[in-house]
Structure formats: C-alpha cells, structure tokens
Amino acid sequence: MSCEIIQIDGQDCLLSLSNDITERKQAESRLKVANNTLQRLADLDGLTKIANRRRFDSYLKYHWEKAQRERLNLTLFLCDVDHFKAYNDHYGHLQGDACLMQLAKILRAGMPSSTDLVARYGGEEFAIILPGRSPTEGTEIVQHIWQTIQETNLPHTASPTATFVTVSFGGCSFVPGGSIRTARQLIGRADEALYQAKQQGRNRVIFSDLSV
Ligand SMILES: [Mg+2]
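First residue of the sequence shown: 11, per our numbering; consecutive thereafter.
See below:
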C-alpha cells in the first residue's frame, strides 16, 4: 500500500502516511496503558487497595490449574478479624475501615514474593494464596504475619478475647497425590480450619492436615 501512494503523490504523501502511523502507534500505546490501569483498578479492593474477590477467584483458578498440570503444591489460607462487629460498634465504622486498611498492609507486607497473593475476601475476611508453597512453608509465612499482628497491638478494648485486634487463620494445601481434588474442596478445607480456629478461642493459626 505504501508503494502505491509514493507513486501517486510523491514525498509529501509518504511523510503524511508515516506521521499517521506514528500517531496511531502512540494512540495504541496510550490505549494499552489505559487498559492496564483499568485492569489493575478492576482487580483492586477500593478500601484496602489489595486484590479484591474478583482477583482472588481468577488467581486461584489460574494457580489451581497450574498446580494440577505441573504437580505443584498450592497453599490457601482464609482469615477473619476476630470480634469485628464489636470493634465497629465500639470505635465506629470509619475506625473499622482504618483497622481493615492497616491489617491489609500487614498482610501484604507478609507476602514473601510477588506470586504470593493476599486478597480481601469479604467484609472483614482476607484470603492468602501461596502458589508452590508446601504446608510447612505456608504455615510459617502465616505464623509470621500472625506474630506481626500481635506486635502491632492495635487496641480493641471491646474484644472479649484480647485487648488488641486479633485475627484467626485457617489454611490447607493441595499436595499432589493428596485427598483434595477440586479448588472448591481447597476453599472448603481452609474454611473448616478457620472455623476450628474460631472454636478453639480465636487469635490462632490452624492448618488442616486433612489435605495430605
Ligand atoms: Mg467475622
């Protein structure tokens, strides 16, 4: 097409065509940047600025399939802020939001690599996806986060179980050759472990060994 234009209109037309192409390339690259920004925003939780539920779902699906295909471990933890309703009732919802933001920051800082993902799962619930992590590695990562929350010592005078904000964690792993067969089962087992953590007095990490 460019040869044809040169023959008809000479140098000027070639220049104009090259300008058109440059402008189009610039517009395409601006559009690409805008699309990437939109995609990032669509995956973020508005309050805590960590991954949202939508991102959790797609990230888990991706790593579940990868773990199946490549026979890799995959560890998942669900976490719930203890007595959060009492916190909101006592300190107000704005302070409740600030508390969730601070916890999200601690959780994110506790992720050792960029493939480890923490997401806001629901109201005061978070989820941690640790691709390629064994039960031992995953539990160590989460125990470290739990320890940091203790040390941060965010006041919660309305809590019946502590004087500061605490979080319960329940986890489990897909291990190749183990008993977990679906991503739903993985979530279910982590949820059961979280329930156990609540039952046993909250503010603890429970790992479901049913997964091995
Ligand atoms: Mg709760």
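Note that the Cβ used here is the ideal one computed from N, Cα and C, for glycine as well.
Sequence-distant residues of its chain with Cβ nearer than 6 Å to residue i (five each side left out)
i	result
Ser-144	Asn-83
Asp-219	none
Asp-55	Asn-62, Arg-130
Pro-186	Arg-81
Thr-149	Phe-217
Residues near residue i in its chain [Cβ-Cβ closer than 7 Å; skip 5 each side]
i	result
Ala-44	none
Ser-178	Cys-89, Asp-90, Asp-92, Leu-204, Ala-207, Lys-208, Arg-212, Asn-213, Arg-214
Asp-53	Ala-61, Asn-62, Arg-64, Arg-65
Leu-57	Asp-107, Leu-110, Met-111
For residue i, the residue or residues it bridges with in DSSP
i	result
Asp-90	Glu-135, Ser-178
Phe-217	Gly-181
Leu-84	Pro-141, Phe-184
Val-152	For Val-152, which the question treats as bridged, DSSP gives no partner whatsoever.
Ala-61	Leu-54, Ala-129
Pro-165	Phe-174
Neighbour flag for residue i against chain D, beta carbons, 8 Å
i	result
Leu-110	In the structure shown, chain D cannot be found, because there is only a single protein chain.
Cβ-based neighbour list, residue i, same chain, cut-off 8 Å, excluding 5 preceding and 5 following
i	result
Asp-99	Ala-168
His-154	Gly-120
Asp-126	Ile-138, Ile-139, Leu-140, Pro-141, Arg-143, Ile-151
His-73	Leu-84, Ile-139, Pro-141
Whole-number beta carbon distance between residue j and residue i, since they are thought to touch under 8 Å
i	j	result
Gly-180	Ile-216	5 Å
Ala-193	Leu-70	6 Å
Leu-5	Val-175	The first residue shown for the chain is 11 and the last is 222, placing residue 5 beyond what the model contains.
Leu-117	Phe-94	Incorrect: roughly 15 Å between the Cβ atoms, too far for contact.
Beta carbon shell of ligand 1 at less than 6 Å from a heavy atom: With the cut-off at 6 Å, the residues found are Asp-90, Phe-94, Glu-134.
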